[in-house]
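Take 49 as the starting number for the sequence shown in the working numbering and just add one per residue. All C-beta atoms in this analysis are idealised placements derived from N, C-alpha and C, irrespective of residue type, glycine included. Below is one structure, written out as structure tokens, with a few remarks after it.
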Amino acid sequence: MRKGLLLGGGTVLAVAATWTAVAVMNDGSTGAAVPAVPPVPATAEITRQDLVETKTVEGSLTYAGERQLTSGASGTVTWVAAEGAVIRRGRPLLKVDRKPLVLMYGELPLYRTLRLGMSDGPDVDQLERNLKALGYGDYLTVDDHFSYATQQAVKEWQDDRGLEETGQVDAAQVVFQPAAVRVTEAKAAVGLKTAPGQQALTVSGIRRLVHVDLDTDDQSLARKGAEVTVTLPGGEQAGGTVTSVGTVAEVTGQEPDASTTIDVDITLAKPPKTKLDQAPVEVEMQSERHEDVLAVPVEALLALREGGFGVEVVEGAATRIVAVETGAFGGGLVEIKGEGLAEGMKVGVPAP
Numbered sequence: 049m050r051k052g053l054l055l056g057g058g059t060v061l062a063v064a065a066t067w068t069a070v071a072v073m074n075d076g077s078t079g080a081a082v083p084a085v086p087p088v089p090a091t092a093e094i095t096r097q098d099l100v101e102t103k104t105v106e107g108s109l110t111y112a113g114e115r116q117l118t119s120g121a122s123g124t125v126t127w128v129a130a131e132g133a134v135i136r137r138g139r140p141l142l143k144v145d146r147k148p149l150v151l152m153y154g155e156l157p158l159y160r161t162l163r164l165g166m167s168d169g170p171d172v173d174q175l176e177r178n179l180k181a182l183g184y185g186d187y188l189t190v191d192d193h194f195s196y197a198t199q200q201a202v203k204e205w206q207d208d209r210g211l212e213e214t215g216q217v218d219a220a221q222v223v224f225q226p227a228a229v230r231v232t233e234a235k236a237a238v239g240l241k242t243a244p245g246q247q248a249l250t251v252s253g254i255r256r257l258v259h260v261d262l263d264t265d266d267q268s269l270a271r272k273g274a275e276v277t278v279t280l281p282g283g284e285q286a287g288g289t290v291t292s293v294g295t296v297a298e299v300t301g302q303e304p305d306a307s308t309t310i311d312v313d314i315t316l317a318k319p320p321k322t323k324l325d326q327a328p329v330e331v332e333m334q335s336e337r338h339e340d341v342l343a344v345p346v347e348a349l350l351a352l353r354e355g356g357f358g359v360e361v362v363e364g365a366a367t368r369i370v371a372v373e374t375g376a377f378g379g380g381l382v383e384i385k386g387e388g389l390a391e392g393m394k395v396g397v398p399a400p
């Protein structure tokens with residue numbers, strides 16, 4: 049509506065001025081006619097600055113490092129950790145025939161039974177570190193050798209956990225993960241049978257991150273280390289950094305609506321207030337920096353009847369329309385180029 053009035057403003061003002069003059073003459077007044085004064089529009093200043101082009105994409109707030117856990121035990125599931133629960137070292141993930149599968153910390157999966165007389169290895173060192181951290185084995189030396197002291201520490205631990213005191217550890221008793229985990233999904237339900245190698249839980253890390261399935265047409269937006277702004281549920285905003293960019297494109301959907309995307313993970317600068325998993329978020333990503341350009345607020349643009357855009361230049365009480373070529377958009381501003389435009393000029397914007 050503002051655009052039409054501005055372009056036809058001269059005609060409207062001319063009619064108003066004529067009507068004023070006639071009204072004065074008809075009432076018999078001998079005074080001079082007072083011309084109507086057009087209202088001065090609200091204005092913003094043309095600035096010269098660097099403008100960062102941005103694009104907002106959709107993502108989801110989730111947790112880092114989702115993976116599958118299997119149980120090495122056979123029997124009936126009698127207890128399983130609730131979805132959303134955070135499990136730390138020494139705590140059970142589930143129980144089979146009332147015997148716990150316990151979480152311990154380590155990068156190396158449990159690929160063999162740990163027992164007295166076995167060959168030395170880093171998996172032994174990993175177990176002994178956990179036993180020490182859990183308060184077992186006062187006389188235990190942490191190294192890659194499974195000693196008699198290691199066996200005794202294992203038996204003490206087994207006794208406290210309600211396990212058979214065999215002095216040896218296998219995949220039915222322990223699962224190693226790099227750190228504490230969050231249960232994303234319980235695949236093993238209480239009352240069902242389970243067997244070695246069968247998926248029991250889906251878990252993730254406890255660090256929150258934002259995941260974006262980014263269209264491959266926008267992959268220039270995803271640069272590792274680039275800063276982004278994330279709008280979280282409830283309007284909360286947080287800064288973030290792109291920490292992972294996928295190198296393999298994935299096709300989702302079917303033609304003609306299929307899309308090709310790459311995985312992008314973003315680490316937030318601070319923990320979000322919301323605890324929701326898979327909550328939808330908006331991510332403002334930076335595409336390109338345009339240096340030393342003239343910029344105005346986006347709302348200053350006028351759609352011209354002949355096509356394209358213009359701005360209303362305000363010079364005192366006078367205004368004129370200047371056609372412009374637009375460039376980058378970012379931060380509520382738009383880059384403009386137009387004849388006679390310069391830094392510091394005023395342009396019309398909608399009244400607040």
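Buried versus exposed call for V82 [16 or more other C-beta atoms within 10 Å across all chains shown]: For V82, the predicted model reports a pLDDT of 46, less than 50, meaning its position is unreliable; a value from the coordinates is still stated below. Label assigned to V82: exposed.
task: State buried or exposed for T295, treating a residue as buried only when at least 16 other CB atoms are found within 10 Å of its CB.
output: exposed
message: Mapping the DSSP letters down to three states, classify G283 as helix, strand or coil.
response: helix
query: What is the residue span of the beta strand (DSSP E) that P226 lies within?
result: Segment: none, P226 is in no beta strand (DSSP E) and carries neither H nor E.
- prompt: Since A343 is in the beta strand (DSSP E), which residue starts that stretch and which ends it?
  reply: 327 to 345
field: Length of the line joining the Cα atoms of M393 and A92
entry: 8 Å
task: Report yes or no: do three or more beta-carbon pairs, one from the segment 154 to 171 and one from the segment 246 to 253, lie closer than 8 Å?
output: no
query: In the structure shown, what three-state DSSP assignment does E212 receive?
result: coil
task: Inspect the beta-carbon positions of L280 and V329 and report whether they are closer than 8 Å.
output: yes
field: Spatial neighbours of G113 in its chain, beta-carbon cut-off 6 Å, leaving aside the 5 residues before and after
entry: S252, G253
- prompt: What residues in its chain sit with their C-beta under 6 Å from that of V341, if we drop five residues either side in the sequence?
  reply: L99, E383
- prompt: Q267 CB to nearest chain C CB: under 8 Å?
  reply: Of the chains in the structure shown, none is chain C; there is only one protein chain.
- prompt: Under 8 Å, do A152 and V238 count as touching if we go by C-beta distance?
  reply: Here residue 152 turns out to be Met, not Ala, going by the sequence shown. It is not a contact, given that the beta carbons lie outside the stated cut-off.
field: According to DSSP, residues forming a beta bridge with G368
entry: Before going on, a small fix: residue 368 reads as Arg here, not Gly. Answer is V361.
task: Report back the beta-carbon spacing between G388 and V372 to the nearest angstrom; my notes put them in contact at under 8 Å.
output: The pair is not a contact, with the Cβ atoms about 11 Å apart (cut-off 8 Å).
Proximity below 8 Å, CB of E360 to CB of L352: no
- prompt: So the beta strand (DSSP E) V431 belongs to, where does it begin and stop?
  reply: The chain is shown from 49 up to 400; residue 431 falls before or after that span and cannot be answered.
field: beta strand (DSSP E) runs contained entirely in the segment 265 to 312, provided each spans 3 or more residues
entry: 275 to 279, 285 to 293, 298 to 300
- prompt: For the 8 Å Cβ check, are there 3 or more pairs between the segment 183 to 195 and the segment 126 to 137?
  reply: no
task: Can you have a look at W127 and say buried or exposed, based on whether 16 or more other CB atoms are within 10 angstroms of its CB?
output: exposed
query: Alpha carbon to alpha carbon, how far is K241 from S122?
result: 7 Å
query: What does S401 pair with, by DSSP beta-bridge criteria?
result: Nothing can be reported for residue 401: it is not among the residues displayed for the chain, which extend from 49 to 400.
query: What separation, rounded to the nearest whole angstrom, lies between the Cα atoms of M333 and T102?
result: 5 Å
- request: Look up E373 in the DSSP assignment and give the residues it is bridged to.
  value: K385
message: In whole angstroms, give me the CA-to-CA distance for L381 and V312.
response: 27 Å
message: How far does the beta strand (DSSP E) with V395 in it extend, from its first residue to its last?
response: 394 to 396
query: Does the distance from the C-beta atom of Q216 to that of V229 stay below 8 Å?
result: no
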